Amino acid sequence: MTVCTSYIHILGMGSSAPSTGIVDAYTHYAPLALAKYLQEDCNDGMPLVFAKLFERIPLLTDVSARLAFMDTHKIDVHVLVPLPWLEVVPACHTNKERALEACKRANNEMAAVVQSHSTRFLGVALLPTGHLKGPGKEDEEEGASHEKDGMDILMEAYKHAVETCSLDGVALFVGPLSSPLDHPGFEALWKRCEEDGVPVWLHPNRPQFYPDYEAYRGKGGSLHQIWNTLGWVYDTSVAMVHMVMAGVFQRYPNLKVVTHHHGGMIPFFTDRFITQSQNFDDTEGLALLDDMKKFYCDTATFGLAPLNIRQALEFFESGRVLFGTDTPMDMAEPGSFTSTSKGGVLQCGAAQDVMDKIWGQNFWVMMEKRLELKKAHNMEVKGNVDTIDHTREKARVSDSSTS
């Protein structure tokens, strides 16, 4: 029995599972319960930043349409990473009660979706991080209390997601306005994720209003889609460097962290980073950079780019490249991300056994500890299906978004 079949069996597919199934390890799902709460309870009924965008993408919320898409494109499993991130509504992101409630609602729905199609979906949880700020952001006495609140909320949401909802991963969103991942408030999360075998999915979230130049501040934000096309791969890379240089993988060597967009800039620019650190006599901790290879990455290249995938294969440790597409965010040409990601893997020059690992085997090996612990403790995904009435909620969110 192959690794892939073995761990699909733990999920309940049993012997009917294909010996080499395809797992898309990085797709998105937008819980309607989250959108409703953010819009109606936290945003005074005003449309969310991404409301009109999400309306263009039925697969974000329509499970039946997603399953049909998966069958058409011969994808066996989708890993569902939640959207949107809480930073889109500051009144929620910075309010501990609202942030916690938003995450619980999102994760309840995510678990219900996974529960209803447990052989096709794995769910990733949303977590609140708005109360973990960088060093020096608060005065000491007030900051210590604030930081503790932030850690408590983060771990309460984690326990609800992983223990109550039995989701299989957590998402952390990174960017210039988000909490830096070298903040000590994340320490408890890293520890629990390693112990529980729960991977962390990193996703960039630089907003469009963040300017390309200081001179443009207040004048419409980023231009030419730079915030997304370049800003997001940069922000992912910055987060990776901060984690590594803070010694996170030294303390938690079995922590699993999945990066988006083929690992950002890291596979291409680590040698430049080392060279410039030496040129500027900033070599303290430079040996830690080898830990960059411990990250996992997907194959979401946003176009046919086999050389990018080849570079990722050469840079990251063996078994760290996962097939992942960013579906369904290819709204201009639905299905193109899946097709080009497949093409990139097929044309990257990898041997057949390496491609088989990318298609799914690497993912199941990454999930081994989590799935075995779930099986040992008889844990089942437990979502609150009563919170979901997709037809009703979709209509309500859509109506208020267009008003």
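So the sequence shown is numbered by full-length UniProt numbering: it starts at 1 and just counts up by one.
Backbone N, C-alpha and C fix where the C-beta goes; we use that ideal spot for every residue, glycine too.
No experiment lies behind these values; they were computed from the predicted model shown.
Where does the unbroken alpha helix (DSSP H) through residue i begin, and where does it stop?
i           : result
residue 408 : Lying outside 1 to 403, the shown extent of the chain, residue 408 is not represented and no answer is given.
Thr340      : Ser336 to Leu346
Val79       : Element bounds for Val79: not the alpha helix (DSSP H) but the beta strand (DSSP E), Val77 to Pro82.
Phe249      : Val248 to Arg251
Leu126      : Leu126 -> not in any alpha helix (DSSP H); beta strand (DSSP E) instead, spanning Phe121 to Leu126.
Phe69       : Val63 to Thr72
Pro328      : First-last for Pro328: undefined, no H or E at that position.
Asp356      : Gln352 to Asp356
residue 441 : Here the chain covers residues 1 to 403 and nothing more, so residue 441 does not appear.
Please identify the residue among the options whose C-alpha is closest to the C-alpha of residue i.
i      : options                           : result
Val88  : Tyr29, Leu67, Ile22 and Gln208    : Gln208
Ala287 : Ala171, Gly303, Ser237 and Thr270 : Thr270
Gly285 : His242, Gly150, Leu167 and Leu255 : His242
Pro328 : Ser336, Leu322 and Val321         : Ser336
Gln39  : Leu86, Leu59 and Leu60            : Leu86
Val174 : Gly264, Asn279 and Leu67          : Gly264
Glu368 : Asp152, Asp168 and Pro82          : Asp168
Ala239 : Glu163, Ser179 and Thr27          : Ser179
Asn205 : Lys374, Leu373, Val49 and Cys42   : Val49
Asp182 : Asn279, Arg251, Ala35 and Ser339  : Arg251
Tyr210 : Asp330, Gly231 and Val381         : Gly231
Thr301 : Asp291, Lys293, Asp290 and Thr325 : Thr325
Leu346 : Arg370, Ala171, Leu307 and Ala33  : Leu307
Glu194 : Gly220, Val233 and Phe249         : Phe249
Gly303 : Gly197, Ala332 and Arg320         : Ala332
Leu202 : Gly218, Ala171, Thr229 and Phe186 : Ala171
Ala246 : Phe186, Phe268 and Ile274         : Phe186
Tyr234 : Glu163, Asp212 and Leu53          : Asp212
Asn107 : Arg310, Leu122 and Ala305         : Leu122
Ala157 : Lys191, Lys96 and Gly197          : Lys96
Arg310 : Ser277, Met379, Ala351 and Pro58  : Ala351
Phe363 : Val198, Arg66, Leu59 and Leu32    : Val198
Met110 : Lys219, Thr72, Leu60 and His262   : Leu60
His93  : Asn43, Asp356 and Gln278          : Asn43
Mapping DSSP to helix, strand and coil, what is residue i?
i           : result
His377      : coil
Pro204      : strand
Thr229      : helix
residue 487 : Lying before the first or after the last residue shown, residue 487 is absent from the chain, which here runs from 1 to 403.
Tyr296      : strand
Tyr216      : helix
Asp24       : strand
Leu132      : coil
Thr259      : strand
Val49       : coil
Tyr29       : strand
Ala171      : strand
Glu284      : coil
Phe273      : helix
Arg192      : helix
Ile57       : coil
Pro199      : coil
Tyr210      : coil
Trp85       : coil
Asp41       : helix
Thr236      : helix
Ala112      : helix
Met151      : helix
Pro306      : helix
residue 438 : An answer regarding residue 438 cannot be provided, because it is not within the stretch 1 to 403 covered by the chain.
Met265      : coil
His117      : coil
Thr301      : coil
On the criterion of 16 or more Cβ atoms from any shown chain inside 10 Å, does residue i qualify as buried, or is it exposed?
i      : result
Glu214 : exposed
Asp139 : Summary for Asp139: the model assigns pLDDT 39, below 50, so the residue's position carries little reliability, and this model does not support an answer.
Ala376 : exposed
Arg105 : buried
Ser318 : exposed
Gly21  : buried
Ala35  : buried
His224 : exposed
Thr275 : exposed
Lys294 : buried
Tyr37  : buried
Asn254 : exposed
Gly136 : Unreliable positioning characterises Gly136 in this predicted model, as indicated by a pLDDT of 41, which lies under 50. A coordinate reading is not provided.
The beta strand (DSSP E) with residue i in it runs from where to where?
i      : result
Val321 : Careful: Val321 lies outside any beta strand (DSSP E) and carries neither H nor E.
Could you round the C-beta distance between residue i and residue j to whole angstroms and report it? I think they count as a contact, below 8 Å.
i      : j      : result
Ala25  : Asp298 : 6 Å
Leu313 : Val258 : Actually they do not touch by this definition, with Cβ atoms about 16 Å apart.
Ala99  : Pro128 : 4 Å
Val114 : Thr27  : The pair is not a contact, with the Cβ atoms about 13 Å apart (cut-off 8 Å).
Leu154 : Leu177 : Incorrect: roughly 17 Å between the Cβ atoms, too far for contact.
Ala30  : Pro84  : 7 Å
Val381 : Cys165 : 7 Å
Val63  : His117 : 7 Å
When you measure from the CB of residue i to every non-hydrogen atom of the ligand FMN, does any distance come out below 6 Å?
i      : result
Asp182 : The model on display carries no ligand, and the ligand FMN is accordingly not part of it.
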